[in-house]
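Working notes, beginning with the structure itself.
Residue numbers (my numbering): 11 to 293.
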């Protein structure tokens with residue numbers, strides 16, 4: 011076997027590829043279910059005598075970190091934030107969302123391993139080192155996106171949305187800021203999943219552009235306008251804020267990394283193309 015040939019002895023049929031893909035997807039689903047079950051039952055470590063599973067603590071921690079107890083508007087007025095009670099069905103919904111988050115976090119390493127095992131036989135030896143770095147970077151980007159959404163983006167967006175409403179109330183009327191736990195937790199978890207997945211996209215685009223798989227000329231001004239519009243539409247879907255402020259904040263948070271990655275990828279891709287053309291002329 012030569013160094014430039016794939017490591018497999020023979021080319022697998024289409025059905026064999028599909029069958030292997032189904033097996034590996036099944037393993038990922040099982041890892042998700044097992045991780046969700048185990049991590050959900052882990053004690054929260056409150057220090058008390060009563061057993062408190064982690065899945066019941068996550069919504070409270072997300073809410074406490076995201077929603078401030080008081081809001082100070084630009085004119086200096088301070089408003090207390092009131093929590094509206096949730097129904098029994100909303101409580102179940104919140105718990106299921108927390109279970110899904112734990113399952114995704116726990117299954118991410120298994121998913122990365124299964125993806126690598128699926129593509130590795132088709133790679134040339136010189137491509138494997140590049141692919142390993144790519145998959146590791148892929149997983150790190152997902153966790154960074156989740157971290158960014160929960161600890162930075164969500165508190166900023168919720169605080170800005172709450173500050174927006176008091177100035178709209180006419181003078182003489184009492185203003186009460188109210189929020190629901192189910193609304194906040196659902197918003198944060200959707201935001202975390204979206205940021206986790208979309209923070210991987212800039213890396214993919216950069217690599218595809220830098221290595222010449224995608225033509226840099228594809229991403230002109232018109233294409234960037236459509237990408238900007240797409241991030242704003244996604245921001246509107248994720249954000250529960252009807253004013254549009256949440257949409258803008260989320261959309262910009264998603265668009266800026268994409269814009270930077272595409273700009274750097276185009277630059278690297280054009281440099282690579284110029285070097286290859288110069289080598290071709292020198293022959």
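Every residue, glycine too, gets a C-beta built ideally from N, C-alpha and C.
It should be emphasised that the depicted structure is a prediction, and the values quoted were computed from it without experimental measurement.
TODO: Report yes or no: do the region 95-108 and the region 191-202 share at least 3 C-beta pairs separated by less than 8 Å?
DONE: yes
Open item on the list: Taking the straight line between their C-alpha atoms, what separation do you get for residue 258 and residue 117?
Closed with: By 1-based counting over the chain shown, the position of residue 258 is 248. By 1-based counting over the chain shown, the position of residue 117 is 107. About 32 Å.
- [ ] Give the single residue among 234, 103, 51 and 92 whose Cα lies nearest to the Cα of residue 271.
- [x] The residue labelled residue 271 in the question sits at position 261 within the chain shown. It is 234.
Open item on the list: Whole angstroms are fine: how far does the CA of residue 142 sit from the CA of residue 150?
Closed with: Your numbering for residue 150 matches position 140 in the chain shown. Your numbering for residue 142 matches position 132 in the chain shown. Looking at the two C-alpha atoms, the distance is approximately 12 Å.
Open item on the list: I'd like the span of the alpha helix (DSSP H) that includes residue 188, first residue to last.
Closed with: Taking the chain shown and counting its residues from 1, one reaches residue 188 at position 178. Per DSSP, residue 188 belongs to no alpha helix (DSSP H); it is in the beta strand (DSSP E), 187-190.
Open item on the list: Give me, in chain order, the residues of the same chain whose beta-carbon lies closer than 8 Å to that of residue 12; leave out the 5 immediate sequence neighbours on both sides.
Closed with: In the chain shown, residue 12 corresponds to position 2, counting from 1. Residue placement at residue 12 is flagged as unreliable, the pLDDT there being 42, under the threshold of 50; the coordinate-derived value follows with that caveat. Answer for residue 12: no residue qualifies.
Open item on the list: Between residue 172 and residue 91, how many whole angstroms is the CB-CB distance? I'm expecting something under 8 Å.
Closed with: As a position in the chain shown, residue 172 is number 162, starting the count at 1. As a position in the chain shown, residue 91 is number 81, starting the count at 1. With a Cβ gap of about 7 Å, residue 172 and residue 91 count as contacting.
Task: Under the three-state DSSP convention, the category residue 12 falls into - done: Residue mapping note: residue 12 aligns to position 2 of the chain shown, counting from 1. Reliability fails at residue 12, whose pLDDT of 42 lies under 50, so the model's placement of it is uncertain and the value that follows must be treated cautiously. Three-state DSSP puts residue 12 in coil, outside helix and strand.
Task: Own chain residues within Cβ distance below 7 Å of residue 179, not counting five before or after - done: Start at 1 with the first residue of the chain shown, and residue 179 comes out as number 169. 185.
- [ ] Just the C-alpha distance for residue 229 and residue 80, rounded to the nearest angstrom, thanks.
- [x] Residue numbering aside, residue 229 sits at position 219 when the chain shown is read from its first letter. Residue numbering aside, residue 80 sits at position 70 when the chain shown is read from its first letter. So the two alpha carbons sit approximately 44 Å from each other.
Task: Reduced DSSP secondary structure (H/G/I, E/B, other) of residue 88 - done: By one-based count along the chain shown, residue 88 stands at place 78. Three-state DSSP puts residue 88 in a strand.
Open item on the list: According to DSSP, is residue 93 part of a helix, a strand, or is it coil?
Closed with: Here the question's residue 93 lines up with position 83 in the chain shown. Three-state DSSP puts residue 93 in a strand.
Open item on the list: Please state whether the Cβ-Cβ distance between residue 45 and residue 113 is less than 8 Å.
Closed with: Taking the chain shown and counting its residues from 1, one reaches residue 45 at position 35. Taking the chain shown and counting its residues from 1, one reaches residue 113 at position 103. Yes, Cβ-Cβ distance for residue 45 and residue 113 is below 8 Å.
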